[in-house]
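Worksheet for the structure shown next.
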Amino acid sequence: MNYRKFGKLDFQVSNLGFGCMRLPVLDGDNGKINEEESIKMIRYAIDNGVNYIDTAYPYHQGNSEPLVGKALKDGYRHKAKLATKLPVWLCETYGDFDKYLNEQLGKLDTEYIDFYLLHSLSNKSWNKAKELGVLEFLDKALSDGRIKYAGFSFHDDLSLFKEIVDSYDWSFCQIQLNYMDENYQAGIQGLNYASEKGLAVVIMEPIKGGKLAKQPEGDLEELWKNSGVNLTPAELALRWVWNHPQVTVLLSGMSTMEQVEENIRTASNVTPLSLDADEIKLINDIKEIYSNRNKVGCTSCRYCVPCPNKVAIPDIFDIYNNYFVYEATDAGVNTYARMKKAGVDSTNCIECGQCESLCTQNLEIIRHLKEADIVLNR
Numbered sequence: 304m305n306y307r308k309f310g311k312l313d314f315q316v317s318n319l320g321f322g323c324m325r326l327p328v329l330d331g332d333n334g335k336i337n338e339e340e341s342i343k344m345i346r347y348a349i350d351n352g353v354n355y356i357d358t359a360y361p362y363h364q365g366n367s368e369p370l371v372g373k374a375l376k377d378g379y380r381h382k383a384k385l386a387t388k389l390p391v392w393l394c395e396t397y398g399d400f401d402k403y404l405n406e407q408l409g410k411l412d413t414e415y416i417d418f419y420l421l422h423s424l425s426n427k428s429w430n431k432a433k434e435l436g437v438l439e440f441l442d443k444a445l446s447d448g449r450i451k452y453a454g455f456s457f458h459d460d461l462s463l464f465k466e467i468v469d470s471y472d473w474s475f476c477q478i479q480l481n482y483m484d485e486n487y488q489a490g491i492q493g494l495n496y497a498s499e500k501g502l503a504v505v506i507m508e509p510i511k512g513g514k515l516a517k518q519p520e521g522d523l524e525e526l527w528k529n530s531g532v533n534l535t536p537a538e539l540a541l542r543w544v545w546n547h548p549q550v551t552v553l554l555s556g557m558s559t560m561e562q563v564e565e566n567i568r569t570a571s572n573v574t575p576l577s578l579d580a581d582e583i584k585l586i587n588d589i590k591e592i593y594s595n596r597n598k599v600g601c602t603s604c605r606y607c608v609p610c611p612n613k614v615a616i617p618d619i620f621d622i623y624n625n626y627f628v629y630e631a632t633d634a635g636v637n638t639y640a641r642m643k644k645a646g647v648d649s650t651n652c653i654e655c656g657q658c659e660s661l662c663t664q665n666l667e668i669i670r671h672l673k674e675a676d677i678v679l680n681r
């Protein structure tokens, strides 16, 4: 296993972290974790050098933290750093911060949490948490030893990311990054900004929820055969992330022992700046193919929302593009069906044109919404 220095802190962590959001389940029920297999997988990873275990309050319908607590019994708690996250969206008072942290300590059956994150910060949740005194709470939890280091995970735009980085003496942050999301949310610029500030940077979604691990077909398969690259799609995507020296830990949500074994092999044979010319060319060629499949040139700047009639414009375009780019057909249809039930789908558009007047890309949003509805509404 390869290790990297954890930002400004004086210790190293494995470049591969075990994300406990996609553990194996029983009967297709995300809330019913296959405990025996999951514990076996987590302990195998630790035995083979992984020392960063990541979970969160809502994972597996609240059952991930207790499972992780069981996996870290029998001496494993002292072999790995434990990360979990405060569900800030559930907090309505200052006292809620303490309530959830203490509940998590109980679920994890531990006296302290090594890495404690404010979970999934966005403009709304960040401002609300600040007003409730979350930074003072972090000071208190650090002081009394319930947490060792404070950080945050992030899902919003770059300017807010920089604001949050500069607002507190964080030890680390967690952002989404993969070769298709270089300019999405915090992106590469956020990675560099946080690293320059001395923060360790933990990466989530390195294979974009599995989209970059699919077996190549059609034009992608031909491209892969002619590339001279002897890597699986998942390996290539992971190696792209690890190629950045600013990356500290890459989180992988592993569902099978085979995935654990493969990821450990990959992590043990990769160092920063190690991608060769053929691998870089293949990634660039893949990105070009994916870009050409894109249906709507939406950058998710979100200037078009809130829509007066509550249409979730950028979210619709995201699943519409993914339908074609990554052939995420079933996921797109199912997500759109949920949007219809929530009353935020394309059919609620009244063609007022407000969104088009605000669009930074000058998109014909009304036309694209109609096209998306035809494809996704089935």
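Here this note's numbering is used: the first residue of the sequence shown is 304, the next is one more, and so on.
Quick reminder that beta carbons are idealized off the backbone N, C-alpha and C, glycines included.
{"Asked": "Classification of residue 576 by the beta-carbon crowding that lies within 10 angstroms, buried from 16 upward", "Found": "exposed"}
{"Asked": "Three or more C-beta pairs below 8 Å linking the region 352–363 and the region 583–603", "Found": "no"}
{"Asked": "Inside the region 448–522 only - beta strand (DSSP E) runs reaching at least 3 residues", "Found": "450–457, 475–479, 503–507"}
{"Asked": "Beta-carbon spacing of residue 539, residue 507 below 9 Å", "Found": "no"}
{"Asked": "Rounded C-alpha distance that separates residue 595 from residue 359", "Found": "36 Å"}
{"Asked": "Between the CA atoms of residue 654 and residue 680 - distance to the nearest angstrom", "Found": "19 Å"}
{"Asked": "Residue range of the alpha helix (DSSP H) that includes residue 391", "Found": "Segment: none, residue 391 is in no alpha helix (DSSP H) and carries neither H nor E."}
{"Asked": "Pick from 398, 604, 628 that is closest to residue 661, judged by C-alpha positions", "Found": "604"}
{"Asked": "Continuous alpha helix (DSSP H) stretch holding residue 446: start and end", "Found": "437–446"}
{"Asked": "Nearest-angstrom Cβ-Cβ length linking residue 601 and residue 627, presumed shorter than 8 Å", "Found": "Wrong, their Cβ atoms sit about 13 Å apart, outside the cutoff."}
{"Asked": "Proximal residues to residue 408 (C-beta, below 8 Å), its chain only, five neighbours per side dropped", "Found": "414, 415, 416, 449"}
{"Asked": "Identity of the residues DSSP links to residue 418 by a beta bridge", "Found": "386, 452"}
{"Asked": "Which of helix, strand or coil DSSP assigns to residue 332", "Found": "strand"}
{"Asked": "Option in 386, 382, 510 with minimal Cα separation from residue 362", "Found": "386"}
{"Asked": "Extent of the continuous beta strand (DSSP E) to which residue 356 belongs", "Found": "355–357"}
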